[in-house]
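J.:
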Amino acid sequence: MYPERPAGIAFGGDYNPEQWPREILEEDVALMREAGVNLVSLGLFSWALMEPAEGRYEFGWLDEIVDRLHEAGVAVDLATPTAAPPAWFIRKYPDVLPVTREGTRIGFGGRQSACSSAPAFREATARLVRALGEHYRGHPAVVMWHVHNEYGAPLGECYCEHSVAAWRVWLKATYRDISALNEAWGATFWGQTYTDWAEIDAPRFNHTVVNPAQRLDYARFSDGQHREHYALQRDLLRELTPGIPVTTNFAGTVNCKSADLWQWARELDVVANDHYLQAERPDNHIDLAMSADLARSVAGGAPWMLMEHSAGAVNWQPRNLAKRPGEMRRNSLAHVARGSDSVLFFQFRASRFGAEKFHSGMVPHAGTGSEQWREVVRLGADLRKLAGLRGSRVRAEVAVVWDWESYWALELDWRPSVDLTFRERMDAFYEALWREHVTVDFVHPSTDISGYRVVVAPSSYLLTEASAKNLHRYVEAGGNLLVSYFSGIVDEHDTIHPGAHPGALRELLGLSVEEFHPLREHETVTLAGGGTARIWSERVHPAGAVAVRDFATGPDAGHPALTRHDLGAGTAWYLATAPVTGLREVLAQVLDHAGVSRPRGLPDTLELVRRGGHVFLINHGDEPVTVEGVTGTSVFDGVRHEGSVTVAPGAVTVIAPTP
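According to UniProt numbering, the sequence shown is numbered sequentially starting from 1.
1. Mind pulling the beta strand (DSSP E) runs of 3 or more residues that sit fully within the region 506-578?
2. Measuring CB atoms only, is the region 392-406 touching the region 445-453, in the sense that at least three cross pairs come out at less than 8 Å?
3. When the distance is taken between beta carbons, is residue 12 closer than 8 Å to residue 44?
4. Please return the same chain residues whose Cβ sits closer than 8 Å to the Cβ of residue 596, not counting the five positions on each side in sequence.
5. So, with DSSP's three-state summary, where would you put residue 29?
6. Who are the near neighbours of residue 93 in its chain, counting only those whose CB is closer than 7 Å to its CB and skipping five residues on each side?
7. Of all the alpha helix (DSSP H) runs that stay within the bounds of the region 50-110, which reach a length of 4 or more residues?
8. Ordered along the chain, which non-local residues of its own chain (more than five positions away) have a Cβ less than 8 Å from that of residue 390?
9. How close, in whole Å, do the beta carbons of residue 261 and residue 298 come, if the pair is a contact with beta carbons under 8 Å?
10. Are the Cβ atoms of residue 545 and residue 511 separated by less than 8 Å?
11. Using beta-carbon positions only, say whether residue 572 and residue 483 come within less than 8 Å of one another.
12. Going by alpha carbons, who is nearest to residue 435 out of 476, 607, 507 and 185?
13. Using a Cβ-Cβ cutoff of less than 7 Å, which residues in the same chain neighbour residue 547 once the five nearest sequence positions on both sides are dropped?
14. Rounded C-beta distance between residue 330 and residue 652? I'm assuming under 8 Å.
15. Quickly, what does DSSP pair residue 15 with across the bridge? List them, please.
16. I need the DSSP call for residue 274, collapsed to helix, strand or coil.
17. Which residue's Cα is closest to the Cα of residue 55: 124, 300, 424 and 154?
18. In the DSSP assignment, what residue or residues form a beta bridge with residue 345?
19. May I ask you to verify whether the region 469-480 touches the region 408-423, counting CB pairs closer than 8 Å and requiring at least 3?
20. Look at the Cβ atom of residue 534, then the Cβ atom of residue 517, and state whether they are nearer than 8 Å.
21. Give me the Cα-Cα distance between residue 28 and residue 322, rounded to the nearest whole angstrom.
22. Considering only the beta carbon of each residue, do residue 536 and residue 519 sit closer than 8 Å?
23. With H, G and I counted as helix, E and B as strand and the rest as coil, what does DSSP make of residue 392?
24. Hey, how far is the Cα of residue 311 from the Cα of residue 349?
25. Helix, strand or coil: which one does DSSP assign to residue 441?
26. How big is the Cα-Cα spacing for residue 275 and residue 541?
27. For residue 1, does the count of other Cβ atoms within 10 angstroms reach 16, so buried, or fall short, so exposed?
28. List, from N- to C-terminal side, the alpha helix (DSSP H) runs of 4 residues or more that fit wholly inside the region 110-143.
29. Just to confirm, is the Cβ distance from residue 670 to residue 97 under 8 Å?
30. If I follow the unbroken beta strand (DSSP E) through residue 426, where does it start and stop?
31. Compare the beta carbon distance of residue 150 and residue 250 with 8 Å and say whether it is the shorter of the two.
32. Based on the DSSP secondary-structure assignment, which residues constitute the bridge partners of residue 632?
33. Measure the alpha-carbon distance for residue 568 versus residue 401 and round it to whole angstroms.
34. Please name the residue or residues paired with residue 607 in a DSSP beta bridge.
35. Relative to the alpha-carbon of residue 362, which residue among 122, 386, 36 and 577 has its alpha-carbon at the smallest distance?
36. Would you say the region 170-178 touches the region 238-246, given that touching needs at least three Cβ pairs under 8 Å?
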């Protein structure tokens with residue numbers, strides 16, 4: 001359920017007028033009109049003003065702002081401010097402060113400073129949200145609700161007494177019998193067998209490794225506690241204001257490790273994502289594209305919302321680089337190209353005080369005479385011309401398997417190599433696909449993937465039997481699957497599948513792995529036919545699969561590095577190492593075998609995405625690029641193109657089909 005208003009692409013961002021003198025409101029409203037702002041988020045961190053003392057709610061100050069915005073034609077995404085409990089609340093209920101895994105109770109003064117399991121926090125949340133919902137029920141400005149802020153960041157897991165009590169309840173509901181828990185956790189190892197639920201503590205910091213199955217379950221439990229806190233608020237708001245969509249904003253899909261967004265998507269009326277560039281990464285626009293594709297995928301392909309990004313520099317990275325001219329426009333339109341129906345920023349006006357005073361705003365400290373403000377105004381005009389895109393979809397022929405539970409399990413302690421990280425392989429495969437000009441969806445391994453020509457599994461260390469069977473059916477029915485190393489290794493309890501690796505995928509891939517051979521830091525091996533690889537090598541024995549490329553040097557010289565297994569009507573490929581430069585060539589081979597269409601001959605600085613009938617051409621390079629095979633009318637300047645379009649350096653061109 002997407003908000004009915006505003007029409008077209010939503011444009012605006014977080015607005016925090018409580019930080020400013022009252023007269024600034026009128027100035028801001030005028031500036032919003034100038035820029036074309038049509039949606040702002042209000043009240044994210046305003047609990048102390050909404051409820052200055054327990055049970056005393058004051059909304060008059062907020063009424064003035066909401067009413068004035070409504071008069072100006074600006075819709076409101078009204079937030080519940082539960083991410084920032086006030087000082088009086090913490091003083092009265094100090095036990096709500098979270099406890100770290102190391103046993104330290106955090107202090108007051110940050111955000112996410114209350115445990116989602118704490119009864120006092122949940123009770124206060126319910127009272128506040130009910131008062132807020134009742135007060136603004138029927139107000140025409142309020143078009144959606146924004147619950148909390150960035151669940152799981154920075155507070156993923158809490159180890160306080162309330163969490164432990166809730167954890168035991170969760171375990172009883174999950175396993176029912178303690179013997180089932182002991183079996184799932186492999187509790188006979190290191191003598192960890194439990195005889196009573198009360199014996200089970202959270203997996204706190206230890207001088208050695210803690211049971212990985214227990215830690216994996218604690219990650220599931222902790223994420224579920226945050227979802228319960230969200231659902232508490234959502235259900236109250238649905239009761240009080242039926243028909244108004246409710247969401248919460250993710251702290252960047254690809255960076256939001258502690259939240260299983262496949263689970264979260266079931267709870268949301270609309271998916272909302274925050275994205276901030278990794279300023280020092282030269283190709284940070286690829287990470288942006290990945291985050292946008294994952295947001296769209298979590299939304300099931302439906303339009304989603306870019307709830308936050310930055311107009312310029314952020315304030316929390318080691319070196320906070322300002323965006324170059326045109327970069328903010330490219331960022332914004334890339335999100336729209338990949339399915340967002342909004343371009344929203346943190347925040348409208350840059351703060352003069354507090355922890356984020358060096359974070360950019362749509363209105364920077366330099367004011368409206370700045371180039372940054374002029375870019376904001378131009379972007380607003382561009383987005384008005386893209387209003388017809390609202391609700392349209394992005395289609396992909398290729399899917400990438402992404403599973404947060406595999407992410408959690410892979411990065412626990414004592415794996416074969418410290419270089420085995422979830423994002424390392426995900427980033428490598430996504431970047432290679434991006435440079436091949438292939439738009440991808442992300443999928444959970446258990447979902448229906450029959451509509452994709454190619455499915456890629458870069459990091460499926462944890463894979464259930466059910467998910468493995470799903471992949472098997474996909475290939476037999478004619479699909480093309482490419483799997484990377486150290487996949488199919490363990491089940492949902494971090495227990496190794498029986499038999500040789502890769503247990504869950506052994507029959508599908510037509511091979512077995514006798515031994516892992518992680519490589520030393522900076523060590524490489526060569527591949528037959530040229531090229532080098534790093535991180536990983538392994539002893540592969542084909543059992544139906546055929547070798548496509550072998551290792552030429554290293555511990556597995558003469559054994560397969562890339563295999564192909566024809567199974568049913570489809571093909572399963574396996575890559576047993578990390579090519580330094582050749583991953584794109586491997587992917588191209590698989591894509592060509594599957595008949596995946598994509599542009600040819602374009603530089604990999606040119607981003608091409610199709611949304612609905614529109615073609616987005618984003619030039620991240622320093623030279624003009626001519627794209628062949630594109631016919632239509634440029635949305636921004638009205639120029640008609642017959643068969644080719646030239647995109648200037650750093651520019652964005654959007655071509656609409658000619659009626």
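A virtual CB, placed ideally from N, CA and C, is assigned to each residue, including glycine.
T.: In this structure, then:
1. 511-518, 524-526, 532-534, 536-542, 546-550, 560-567 and 570-575
2. yes
3. no
4. 397, 398, 438, 453 and 454
5. helix
6. 120
7. 60-71 and 87-92
8. 7, 8, 9, 303 and 341
9. 5 Å
10. yes
11. yes
12. 607
13. 560 and 563
14. 6 Å
15. 42
16. strand
17. 124
18. 13
19. no
20. no
21. 23 Å
22. yes
23. coil
24. 11 Å
25. strand
26. 43 Å
27. exposed
28. 119-136
29. Beyond the ends of the chain as shown, which are 1 and 659, falls residue 670; an answer cannot be given.
30. Element bounds for residue 426: not the beta strand (DSSP E) but the alpha helix (DSSP H), 422-435.
31. yes
32. 641
33. 21 Å
34. 618
35. 36
36. no
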